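Position 193 (the sequence shown) corresponds to 195 in this note's numbering; numbering is contiguous.
Cβ coordinates follow ideal geometry from the N, Cα and C atoms, glycine included.
Since this is a predicted model, take the numbers as computed values, not measurements.
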Amino acid sequence: MVDVPTAPGVQAGLPVVLVHGIRTSSTMWRAQVASLEAAGRRVRAVDLPGHGTRLGEPFTLDACDAVIAEAVDDLGGEVLLVGLSLGGFLSVEFADKHPDAVRGLVAAGCCTDPRVPLRAAWARLSRWIERTPDSGARLNAFVVRAALSPQAQDDIAAGGFALRVMSEALDAVGGLDPLGSLPRSRCPVWLVNGALDHFRTQQAAFRRAAERSGQPVRTVVVPRARHLVSLDAPVAFTRVVLEALEAVDPSARP
């Protein structure tokens, strides 16, 4: 977990916890951390088990829940929770299990049910890649260079890549049911996707599930952005997070 220091002059207000995607780490949020601090917010970007500073730790859903809970508790017990991809699924689950801890939820890049058969196929492919001599390092480097801007490449690489956790994490998320969790939400929800994201195949279904909670729901589609929307369009994504903060914590606007 990365404990982001409070910048001079930071105001009191609802803190933010950021939960990264699979194989990445807390450093993927560097642009958001800088902007949120500048806006006077306390921020905690966590490292999930098996990632970043927790590389080598077993990846389990219970361990992920404990990492997020620790960050929330350290920030006072109530936060805006923001997650991308794997972090989005885990954040939806956390908000369901800990409703009093989450005042607002931004779930990005996670509008596909993780229980689809394709997830098991991805897990089998990941196990094969993890057994190769470099555990897929060259393939990962090629994809990062092809898909991200130089700044985004630096941010995502700063915390290292978890090349041997993907199959373990994909197996674990098969036990999640975001379409069942969202109707039980007790906070406003923002569903954020890149327009070119292959994980927004069930965006309408996720929105309907969230709306059944009776809480405000907003769907945001960022033009020209792909799956890693916070890295593809950091300004647009951060703007959504700031708007979410103002919606759920209007008394603490910077």
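Between G161 and T29, the CB-CB gap stays under 7 Å. The secondary-structure analysis by DSSP pairs L83 across a beta bridge with V19 and L107. With 16 or more other Cβ atoms inside 10 Å of its own Cβ, S93 counts as buried. In this structure, H229 sits near F201, with a CB-CB distance shorter than 7 Å. Where G182 is concerned, the enclosing alpha helix (DSSP H) starts and stops at P180 to S183. Taking each of F91, S87 and P180 in turn and checking the Cα distance to S215, the smallest one comes out for P180.
Judged by beta-carbon spacing, A246 lies within the 7 Å limit of W192, meaning their Cβ atoms are closer than that value. Non-local beta-carbon contacts of C189 in its own chain, meaning distances under 8 Å to residues more than five positions away in sequence, involve A97, P101, V104, R105, G106, L107, Q217 and V250 in chain order. Comparing alpha-carbon positions, the option among R43, E59 and Q153 lying closest to S232 turns out to be Q153.
For R241, the enclosing alpha helix (DSSP H) stretches over residues P236 to V250. In this structure, the straight-line span from the alpha carbon of G138 to that of R220 is close to 37 Å.
Here T134 is exposed: its Cβ has fewer than 16 other Cβ atoms, across all protein chains shown, within 10 Å. Within the same chain, V21, H22 and G23 come within 6 Å of G89 by CB-CB distance, once the 5 residues on both sides are set aside. A direct Cα-to-Cα measurement between A171 and R25 gives close to 9 Å. Where V223 is concerned, there is no enclosing alpha helix (DSSP H), although the beta strand (DSSP E) around it starts and stops at V219 to V224. If you look at V94, you'll find it isn't in any beta strand (DSSP E); it sits in the alpha helix (DSSP H) that goes L88 to K99. The Cβ neighbour count for S183, taken over all protein chains shown within 10 Å, is at least 16; the residue is labelled buried. Selection R126, E248, G42 and H53 evaluated against F163 yields H53 as nearest (Cα-Cα). A distance of 7 Å or more separates the beta carbons of V18 and V48.
Judged by their CB atoms, T240 and S27 are not nearer to each other than the 7 Å cut-off.
In chain order, D157 place their CB closer than 6 Å to the CB of R32, counting only its own chain and leaving out the 5 sequence neighbours on each side.
When C-alpha distances from G78 are compared across T55, L16 and V118, the shortest belongs to L16. Of the residues assessed, T114 falls on the buried side of the cut-off, its CB having 16 or more other CB atoms within 10 angstroms. Counting only runs of 3 or more residues that sit fully inside the region 117-156, no beta strand (DSSP E) segment turns up.
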